[in-house]
Amino acid sequence: MGSFKDAAHLVRLVILIAAGVLAFLGFRFLAVPAGFGQYGFYRGPALDDIRQRPISFAGRAACETCHTDQHDKLAAGPHKGVHCEACHGPQAQHASDISIKPVLPKTPELCLQCHEAGGAKPKKFPQVVSAEHNSGIDCKTCHQPHSPKEGPA
Amino acid sequence: MHPGVEGFMYPNEFELQWSVLIVLYPFLTGLVAGAFILASLERVFKVDAVKPTYRLALLTALAFLLVAPLPLQLHLGHPERSFEMYVTPHTSSAMAMFGFVYLWYLMVVLLLEIWLDYRKEIVVGAQTDTGWRKWFYKALSLGSYNISERSRRIDDRLGYIITIIGIPSAFLLHGYVGFIFGSIKANPWWSTPLMPVVFLFSAMVSGIAAVLLIYYVLTKWRGQQPDVNCMDTVAKYLFYTFVIDFSLEMLDVLHRVYESEESFRSLDFMVHTRLFFSQIFLQIIVGTLIPLFLLGLNQVIKLPVAVRFRMYITAASLTMIGIFSMRWNVVIGGQLFSKSFLGYTSYKVDFITREGVLAAAGLTILPLFILWFLIELLPPWQEQAKA
Amino acid sequence: MKMTRRYWLVQSSRFLLIGTPATVAFLEAQGDAKKEAAAPDSYRMADHWWAMIVDVEKCIGCGNCVRACAAENHVPDGYYRTWIERYVINDWRNETGEPQVDSPDGGIHGFPPKAIPVSAKAFFVPKMCNHCADSPCTQVCPVGATFVSPDGVVLIDPKYCLGCRYCVQACPYGCRFINPTTNTAEKCTLCYHRITQGLTTACCEACPTAARQLADLKDPKDPIHEFLRNNPVQVLKPHLATGAKLFYHGLDGAVR
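Read top to bottom, the protein sequences are chains E, G and X. Number 82 in my numbering belongs to position 82 of the first sequence; there are no gaps in the numbering. Number 536 in my numbering belongs to position 383 of the second sequence; there are no gaps in the numbering. Number 784 in my numbering belongs to position 244 of the third sequence; there are no gaps in the numbering.
In structure tokens:
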């Protein structure tokens with residue numbers, strides 16, 4: 001018993017450390033969030049959180065369900081690859097509640113965003129130097145936005 | 154446009170992510186690792202000359218270790234979530250290891266070693282002191298008052314083993330910080346296998362220099378003469394460690410200049426412009442070459458003690474500045490250039506914000522207050538007779 | 541009471557007797573929560589492996605994608621989940637051989653016209669998160685707040701992120717930032733909330749020239765398979781082996 005008496009302080013220390021480890025493990029079980037590790041080293045419910053974020057752009061298919069005439073005009077001309085909201089802005093609110101009226105985009109600023117010649121645009125892309133081409137006159141005077149090759153609206 | 158930005162940077166790169174607090178953190182843990190290595194010189198490698206600094210080195214390490222997590226906490230976007238690193242540590246992340254390495258080093262190495270070394274004084278204090286000091290010593294004693302010859306020998310043996318475990322633990326405590334930077338392949342200023350080693354050796358340099366300074370200042374303040382043999386030996390080890398540290402850093406530079414790969418032109422320009430003062434002037438000239446000269450001279454010629462001491466103190470002080478600059482140059486320098494290698498930004502340190510100059514200065518001085526408090530409670534002087 | 545060995549043994553066993561069933565009970569409660577989290581729906585993650593194709597030759601630098609992303613995802617001012625860079629590369633004999641690159645506000649207002657020398661080559665490069673399969677940013681997250689989803693999208697859990705900024709440092713492409721309001725990391729989510737509902741991403745929706753196209757590598761009918769077969773494709777910084785899934789067509793070697 002003599003040898004143990006001389007190391008008694010170390011035994012107390014070991015008990016103290018063991019108590020600390022147990023307390024830590026207890027805290028750990030309490031603190032790991034629900035669903036952690038479900039799919040990988042992260043909180044599984046985070047995927048659901050992200051999926052539930054609100055949508056601002058309805059998508060072209062949503063517009064086409066009602067606006068079939070504009071869709072047909074678009075599909076026949078050079079703007080057939082341009083989705084509706086690319087010019088009209090996010091319209092998810094309007095698509096779910098049509099009493100919300102969308103604001104029509106402003107030409108010529110809208111048109112020039114794509115078609116102003118800036119030097120770095122691909123050569124084959126239709127672009128003009130607006131000062132020379134229409135010098136301030138609204139693009140809609142000669143080009144109908146949904147079928148621009150057709151002539152004025 | 155963007156003030157302080159020249160050339161092209163990716164649009165999300167203009168502002169720095171890691172501030173002066175992240176410069177401070179490796180500086181503080183470096184002091185811890187370095188001070189501990191100095192203590193282990195006596196305990197494990199039987200360099201008896203440095204014995205007068207043994208207890209002081211341990212207390213210094215503890216004081217700085219207690220403050221070390223604070224700059225990290227202040228810097229986090231959500232400090233209240235920092236417990237997550239203990240609860241769900243991502244084992245592929247070097248940063249996740251911080252919590253456990255820190256706890257291990259604090260509890261098992263440093264606190265245990267100090268406790269074992271001071272147990273006789275603690276027990277005596279628990280039995281003879283008064284007031285709150287008595288309760289402090291009683292708590293530390295864990296209710297066991299056995300300070301017989303045999304128990305002291307057990308303590309000594311255990312302390313020896315702890316110190317042996319402590320040396321690689323100290324390497325891990327600071328080496329992993331170097332690995333945090335060294336393992337980032339996205340950043341060519343940081344990404345090098347030398348980074349943990351450079352961090353470690355510069356840590357040892359700063360720790361040894363810090364203990365040298367503290368020992369000198371405290372001894373003088375107590376009206377005594379610093380032990381000449383001790384000072385000479387500490388300065389000698391400082392010199393040797395510094396030579397290794399400087400060689401490693403120069404190896405990195407040489408390698409970069411020689412290989413001259415994609416990032417080199419951009420980094421070279423950065424070093425010569427934005428980083429010139431802190432890297433060339435502060436870190437290399439003031440912080441390394443001058444101290445190396447002052448220390449090295451004393452290895453070849455024998456100067457009078459007073460002159461030697463003045464040179465050591467100057468060298469140690471300049472070294473501290475130099476090692477801080479090194480941390481600055483790594484952390485801040487790594488964020489001043491664009492990963493497109495086409496542009497640079499600049500770092501404006503705020504003054505009173507959470508991550509500003511005042512916070513950094515406060516966190517640097519705080520360990521000294523803690524050290525003063527520790528010295529009061531656990532005097533490192535063998536012949537202490539408190540009134 | 542004297543602090544004998546017996547005393548400590550009794551205390552420890554009391555602690556264990558009470559503590560063990562308590563911890564077991566909490567464990568079971570966590571297990572129940574895990575089962576509740578998985579709700580059934582028609583989107584199955586295992587059926588998808590998302591990627592993106594960008595055709596540099598079609599990008600006109602209009603900035604529609606940057607604006608659309610900002611609107612869809614409420615991106616804070618001055619930060620960018622996607623952006624466009626304009627490259628002007630003079631004849632290689634110039635002094636540094638480096639391209640001139642600019643990205644005014646990420647291209648969110650388009651690009652002001654610029655006089656470009658006839659001998660120069662100029663183009664736009666859209667950039668965004670590459671949703672790397674061997675993502676270096678998820679590797680370094682200390683707590684598991686950012687991750688690669690089972691369907692190949694690199695996402696961030698803003699409720700768990702502690703804002704340590706390590707992931708921002710680790711991304712070679714500069715696509716991450718810290719949201720100044722939430723103080724958590726943020727970046728392109730490949731409009732995960734849209735693509736899991738059968739919609740395309742906001743940037744692809746807004747692109748007028750189909751320079752950006754969402755792709756699903758696990759869908760046998762997806763045009764990406766033919767695209768990869770018939771065209772030379774590039775990824776950014778291939779030497780870093782990030783497993784980037786943002787495939788560029790027509791990417792010049794000078795692009796950083």
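C-beta: ideal position from N, C-alpha, C; glycine also. Only a predicted model underlies this, so the values are computations on that prediction, with no experimental measurement involved.
Smallest Cα separation from residue i: which of the options?
| i | options | result |
| --- | --- | --- |
| E/Asp97 | E/Ala58, E/Ala46, E/Arg43, E/Val21 | E/Ala58 |
| E/Thr68 | E/Cys84, E/Pro78, E/Asp138, E/Arg28 | E/Cys84 |
| E/Gly35 | E/Leu25, E/Ala46, E/Cys63 | E/Ala46 |
| X/Ile656 | E/Pro122, E/Gln113, E/Cys114 | E/Pro122 |
| X/Pro676 | G/Ile333, G/Ser297, G/Arg196, G/Leu225 | G/Ile333 |
| G/Leu489 | G/Leu311, G/Asp270, G/Glu166 | G/Glu166 |
| X/Arg769 | X/Lys777, X/His789, X/Arg752, X/Pro778 | X/His789 |
| G/Thr345 | G/Ser336, G/Phe352, G/Gly319 | G/Ser336 |
| G/Val351 | G/Lys338, G/Leu524, G/Phe399 | G/Phe399 |
| E/Gln91 | E/Gly136, E/Glu64, E/Leu74, E/Glu150 | E/Glu64 |
With DSSP as the reference, label residue i as helix, strand or coil.
| i | result |
| --- | --- |
| E/Asp6 | helix |
| X/Asp595 | strand |
| X/Leu786 | strand |
| G/Pro444 | helix |
| X/Gly650 | strand |
| G/Arg409 | helix |
| G/Asp503 | coil |
| X/Trp623 | strand |
| X/Pro644 | helix |
| G/Glu415 | coil |
| E/Arg28 | helix |
| X/Lys661 | strand |
| G/Gln436 | helix |
| X/Val688 | strand |
| E/Arg43 | strand |
| X/Trp590 | strand |
| G/Ser193 | helix |
| E/Ser176 | A question about residue 176 of chain E goes unanswered here, because the residues of chain E that appear run from 1 up to 153. |
| G/Ile518 | helix |
| X/Ala569 | Annotation note: pLDDT 48 at X/Ala569 (below 50); position unreliable, coordinate value reported separately. X/Ala569 falls in the helix class under three-state DSSP. |
| X/Pro666 | strand |
Between residue i and residue j, is the Cβ-Cβ spacing less than 8 Å?
| i | j | result |
| --- | --- | --- |
| X/Asn604 | E/Ala117 | no |
| X/Met585 | X/Asp759 | no |
| G/Gly487 | G/Trp342 | yes |
| X/Met592 | X/Leu757 | no |
| E/Ser147 | E/Gly77 | yes |
| G/Leu191 | G/Val387 | yes |
| G/Glu237 | X/Tyr706 | no |
| X/Pro712 | X/Thr622 | no |
| G/His243 | X/Cys669 | no |
| G/Val424 | G/Gln432 | yes |
| X/Leu702 | G/Leu229 | yes |
| G/Met162 | G/Ser355 | no |
Take the Cβ of residue i as the centre, count every other Cβ of all protein chains shown within 10 Å, and call the residue buried at 16 or more, exposed below.
| i | result |
| --- | --- |
| X/Asn771 | exposed |
| X/Asn719 | buried |
| G/Asp308 | buried |
| G/Glu415 | exposed |
| G/Phe522 | exposed |
| G/His408 | exposed |
| E/Gln113 | buried |
| X/Ser659 | exposed |
| G/Lys455 | exposed |
| X/Arg546 | exposed |
| E/Phe24 | exposed |
| X/Gly793 | exposed |
| G/Val483 | buried |
| G/Val410 | exposed |
Note to self: Which complete beta strand (DSSP E) runs does the segment 225 to 297 of chain G hold, if anything under 3 residues is left out?
What the structure shows: Correct list: empty.
Notebook entry, point to check: Which full runs of the alpha helix (DSSP H) of 4+ residues lie inside the segment 55 to 118 of chain E, going along the chain?
Noted result: 60 to 64, 68 to 76, 84 to 88, 92 to 96, 109 to 115, all fully within the segment 55 to 118 of chain E.
Next item on the list: Kindly provide the ranges of any alpha helix (DSSP H) runs that are 4 or more residues long and lie completely inside the segment 728 to 795 of chain X, ordered along the chain.
Entry: Within the segment 728 to 795 of chain X, the complete alpha helix (DSSP H) runs of at least 4 residues are 732 to 735, 742 to 746, 764 to 770.
Check: If you scan the segment 295 to 351 of chain G from start to end, which runs of the alpha helix (DSSP H) of 4 or more residues do you find wholly inside it?
Finding: The segment 295 to 351 of chain G contains these whole alpha helix (DSSP H) runs: 302 to 335.
Check: Which whole runs of the beta strand (DSSP E) in the segment 449 to 506 of chain G are 3 residues long or more, in chain order?
Finding: You should have found no qualifying run.
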